[in-house]
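For the sequence shown, the UniProt record's numbering gives the first residue as 1, with consecutive numbering after it.
Quick notes on the structure that follows.
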Amino acid sequence: IQKQSDDKEEEDDVLTYKQKLESTIPRFIDNISFLGQGYNIYFGNPKCSNGLDPGFRNFGVAAFEYNPNPYFSLSRDYSMYVPKGFIATHQQSCTISFSSKTVTSTKDYTDSLHVSASVSVRVGGAFSASADYQQTQSGLSSRETLYIESSARCTAYEIVMQQDPINSANVTPQFAEILRELEAKGDNPDAYYDFFDEIGTHVTDEVELGSLFGYKFQMSTTETQKIVKQNVDVAAAASYMATRARAKTSYEKNQEQQLKTAVSSWTSFSIGAVPDEDNDALKWAARTISNPMPVYVNLVTMKEYLSIYGSAQKIGVSTVQFNNLLNKLDSYLASYCQKRLLVRNNVSSCEDVEIKAPIDVNTVKSNNFIETLFNNKESVVFIQKKSGRFLVSDTNNLKKGESANVYIGNYRGLRREQWNLVRFGFTDSVYQLQHIESKFCLSLRNCNNDEQMPILAKCDQGDICQRFRLQIFNANTQEVIIQSMKSEKVLISDDAKEGNGTITKINGNSDTTSRIWRLQKTLNRFEE
């Protein structure tokens, strides 16, 4: 195992490793049987606090058949034996640095689980029969709790199933027999519901084996709101808190200490090897390679699996029977949650009903934006200095050719108030103000008349009336003047004192307080 890093500050956190195996001593991949296994998406939870994901049904659907001549079962690098119908590669990555996600709604939690258990088409109520989901749902329902998840991952192998009809894996004899019996029962809903209970609603056709370790922090909404107002980035602070051995800066320590005041409890979750107390990535990688566990799976429904990887011949039925089986697997899966799980009280709903904590942690914070003013990847919020109100638009879903008014208004959610600074060159400070949601820019209807109300319209790099210069007014307070490149007049509103009116025009108003703006970075960078 080889440790590689060009950045000394990060070399204790991030590890890229290479396992050197002699071609004369190839090995079988441990725990490869998690691929081609039945999985129940309602009971599943890839971040289970009690160990292995409960979605796995421990029933083999795909057969692992190795060539009688071992040489023909070797991987391309001669390090592994790979069964027929599978492709395996080394995934050489271990990251001790923790990434964090804030969970303020059941949708947030479901989305975070789908990152580790991916499906082509989502089903309502997914993961909601798992104990961890129900605990999270209960906490959010109280309106007094939110959660932050911090995790680190180490990946050893990626294994996928070949979709080639000739070379795809066979099904196990046990699975083929169960399918034949199921088809023979005809229109029997309970038989299919029992099948989904025992064998699974889905099958894994891609898996990454490695280790996953993380924490789930339960937070008080009241206390979290307090520290957010004190400019604490709660997701980043959770990452600092999860990191144990690395030396932390004074800023990180301060953020961590403030976060602790809002944490009411925490749990850890782990799959496979757990990092030691020193957070040694090298040791973690070594333990991961010897016993890798599933840290990511791709799921297909039973019908999808049989359509892609199965056949009437593999199951031992006629083509008519095979197609009949596929149709019933599809139709009964659609009613499985409603008529089996809901009746049995395994789930509270078969729809994705969003339960949300009464807090928005993605509020803006004041920061030294001037230091990163010329980074065109930053998202910013424009705040009027006099009133403290935001530059917003009256829509967030513009289509090509449409326009929308821009106004000074109350806080209405960051997705409507974020902008990108789109720079035109590296030698000047000429920008377009691009709305983060609609990707349209602040512009004027008529280049020959800049004393008019700005609108949102299609970004046009060739139109100088849509371009602005950000003149720094006060570097200490991150205040700027938004100045038109055509006339060098500035953006103002019709009521700077109250800040609740529309932006009326680009004008050289003598009242400086009405044309000074404060730039603030946002906590949410929209990287996901």
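Glycine residues also receive a C-beta, built at the ideal position from the N, C-alpha and C atoms.
Given the structure is predicted, the values throughout are model-derived calculations rather than measurements.
Item to check | Per DSSP, the bridge partner or partners of F56 | outcome: For the purposes of this step, residue 56 is taken as residue 56 along the sequence shown, with counting starting at 1. Paired residues: Y39.
Item to check | Straight-line Cα distance separating Y78 from S23 | outcome: Translated into the one-based positions of the sequence shown, residue 23 becomes position 23. Translated into the one-based positions of the sequence shown, residue 78 becomes position 78. Note that S23 scores 39 on pLDDT, short of 50, meaning its location in the model is unreliable; the coordinates nonetheless yield the value given after this. Approximately 5 angstroms, taken between the alpha carbons.
Checklist entry - Where does the unbroken beta strand (DSSP E) through I481 begin, and where does it stop? => result For the purposes of this step, residue 481 is taken as residue 481 along the sequence shown, with counting starting at 1. Where I481 is concerned, the enclosing beta strand (DSSP E) stretches over E479 to S484.
Next on the checklist: If you measure between the beta carbons of L333 and T201, is that distance less than 9 angstroms?
Outcome noted: Along the sequence shown, read from residue 1 onward, the residue named residue 333 stands at position 333. Along the sequence shown, read from residue 1 onward, the residue named residue 201 stands at position 201. Yes, the pair counts as a contact, with Cβ atoms nearer than the cut-off.
Checklist entry - Shortest alpha-carbon distance to S493 belongs to which of Q258, P454, L341 and I41? => result Within the sequence shown, residue 493 is the residue found at index 493, counting from 1. Selected option, being the one with the closest Cα: P454.
Next on the checklist: On the criterion of 16 or more Cβ atoms from any shown chain inside 10 Å, does P54 qualify as buried, or is it exposed?
Outcome noted: Counting from one through the sequence shown, the residue named residue 54 turns up at place 54. So P54 counts as buried.
Checklist entry - Is the Cβ-Cβ distance between K84 and I148 less than 9 angstroms? => result The sequence position of residue 84 within the sequence shown is 84, counting from 1. The sequence position of residue 148 within the sequence shown is 148, counting from 1. The answer is no: Cβ separation not under 9 angstroms.
Next on the checklist: Could you give the first and the last residue of the continuous alpha helix (DSSP H) run that contains N167?
Outcome noted: Walking along the sequence shown from the start, residue 167 turns up at place 167. Where N167 is concerned, there is no enclosing alpha helix (DSSP H), given that its DSSP letter is neither H nor E.
Item to check | Local Cβ density within 10 Å of L519, reported as buried at 16 or more and exposed below that | outcome: The sequence position of residue 519 within the sequence shown is 519, counting from 1. L519 comes out buried.
Next on the checklist: Beta-carbon within less than 7 angstroms of E183's beta-carbon, same chain only, minus the 5 sequence neighbours each way: which residues are those?
Outcome noted: Position 183 of the sequence shown, counted from the start, is the residue given in the question as residue 183. Excluding residues within five positions, the ones whose Cβ falls inside 7 angstroms are V317, Q321, N324 and L325.
Item to check | Nonlocal neighbours in the same chain, by C-beta distance under 6 angstroms from S348, ignoring five residues either side | outcome: In the sequence shown, counting from the first residue as 1, residue 348 sits at position 348. Closer than 6 angstroms at the Cβ level, and outside the excluded window around S348, lies no residue.
Item to check | Assigned exposure category for Y240 - 16 Cβ within 10 Å defines buried | outcome: Position 240 of the sequence shown holds residue 240. Buried is the call here.
Item to check | Boundaries of the beta strand (DSSP E) in which Q434 is found, first to last residue | outcome: Counting from 1 along the sequence shown, the entry for residue 434 is found at position 434. Start and end: V430 to H435.
Checklist entry - What is the DSSP secondary structure of N50, reduced to helix, strand or coil? => result As a first step, residue 50 must be located in the sequence shown, where it is residue number 50. Three-state result, N50: coil.
Checklist entry - Is the region 142–157 close to the region 283–298, with three or more CB pairs under 8 angstroms? => result yes
Item to check | Beta-bridge pairing of Y157 - partner residues as DSSP gives them | outcome: What you label residue 157 is simply residue 157 of the sequence shown in a count that begins at 1. According to DSSP, which records beta bridges pairwise, Y157 is partnered with H90 and L209.
Checklist entry - At what residues does the beta strand (DSSP E) containing F195 begin and finish? => result Working through the sequence shown from its first residue, we reach residue 195 at position 195. Taken as a continuous stretch (DSSP letters only), F195 belongs to no beta strand (DSSP E), being part of the alpha helix (DSSP H) at P189 to E198.
Checklist entry - When the Cα of S73 is compared with those of F98, R27, F217 and G272, which residue comes out closest? => result By 1-based counting over the sequence shown, the position of residue 73 is 73. Cα-wise, what sits closest to S73 is R27.
Item to check | Sequence ranges, beta strand (DSSP E) only - wholly within the region 207–289, length at least 3 | outcome: 263–271
Checklist entry - Along the chain, where does the beta strand (DSSP E) that runs through V115 open and close? => result Counting from 1 along the sequence shown, the entry for residue 115 is found at position 115. Per DSSP, V115 belongs to no beta strand (DSSP E); it is in the alpha helix (DSSP H), T106 to S116.
Checklist entry - Any contact of the region 246–265 with the region 107–127, i.e. 3+ C-beta pairs under 8 angstroms? => result no
Item to check | As assigned by DSSP and simplified to three states, the class of Q418 | outcome: Translated into positions along the sequence shown, residue 418 becomes position 418. Of the three classes helix, strand and coil, the one that applies to Q418 here is coil, per DSSP.
Checklist entry - With DSSP run on the structure shown, which of helix, strand or coil describes F440? => result To locate residue 440, count along the sequence shown from 1; it is residue 440. Looking at F440 - three-state DSSP - the assignment turns out to be coil, as it is neither helix nor strand.
Next on the checklist: Less than 9 angstroms between the C-beta atoms of Q225 and I359, yes or no?
Outcome noted: Position 225 of the sequence shown, counted from the first residue, corresponds to residue 225. Position 359 of the sequence shown, counted from the first residue, corresponds to residue 359. Yes, the pair counts as a contact, with Cβ atoms nearer than the cut-off.
Checklist entry - Would a C-beta distance cut-off of 9 angstroms place A126 and F213 closer than the cut-off? => result Translated into the one-based positions of the sequence shown, residue 126 becomes position 126. Translated into the one-based positions of the sequence shown, residue 213 becomes position 213. No; because the gap between Cβ atoms is not below 9 angstroms, this pair is not in contact.
Checklist entry - Given 8 angstroms as the limit, is there contact between the region 44–58 and the region 119–139, that is, 3 or more CB pairs closer than that? => result yes
Checklist entry - CB-CB under 8 angstroms to I355, same chain, minus the five flanking residues each way: which ones, in chain order? => result By 1-based counting over the sequence shown, the position of residue 355 is 355. Correct list, in chain order: S105, T106, Q137, L140 and S141.
Next on the checklist: Helix, strand or coil, according to DSSP, for N405 in the structure here?
Outcome noted: For the purposes of this step, residue 405 is taken as the residue at position 405 of the sequence shown. Three-state result, N405: strand.
Item to check | Per-residue DSSP class, three states only, for M302 | outcome: Position 302 of the sequence shown, counted from the first residue, corresponds to residue 302. It is helical.
Item to check | Three-state class that DSSP yields for L373 in the structure shown | outcome: Numbered from 1 along the sequence shown, position 373 holds the residue referred to as residue 373. For L373, the predicted model reports a pLDDT of 36, less than 50, meaning its position is unreliable and no value from the coordinates is stated.
Checklist entry - Where does F64 sit, in a helix, a strand or coil, going by DSSP? => result On the sequence shown, position 64 is the one that residue 64 refers to. Coil, per DSSP.
Next on the checklist: Using DSSP's beta-bridge definition, name the partner residues of T145.
Outcome noted: Taking the first residue of the sequence shown as 1, we reach residue 145 at position 145. The partner list for T145 (beta bridge, DSSP) reads S220.
Checklist entry - Cβ atoms of N420 and L456: under 9 angstroms apart, would you say? => result Taking the first residue of the sequence shown as 1, we reach residue 456 at position 456. Taking the first residue of the sequence shown as 1, we reach residue 420 at position 420. In this structure, N420 does not lie closer than 9 angstroms to L456 by Cβ.
Item to check | Inter-residue Cα distance where the pair is A312 and T319 | outcome: For the purposes of this step, residue 312 is identified with residue 312 of the sequence shown, where counting begins at 1. For the purposes of this step, residue 319 is identified with residue 319 of the sequence shown, where counting begins at 1. Those two C-alpha atoms are separated by around 5 angstroms.
Item to check | DSSP three-state assignment for S307, whether helix, strand or coil | outcome: Your numbering for residue 307 matches position 307 in the sequence shown. It is helical.
Item to check | Through-space distance from S264 to D111, alpha-carbon basis | outcome: Sequence index remark: in the sequence shown, residue 111 carries index 111 (1-based). Sequence index remark: in the sequence shown, residue 264 carries index 264 (1-based). When rounded, the distance between both Cα atoms is 23 angstroms.
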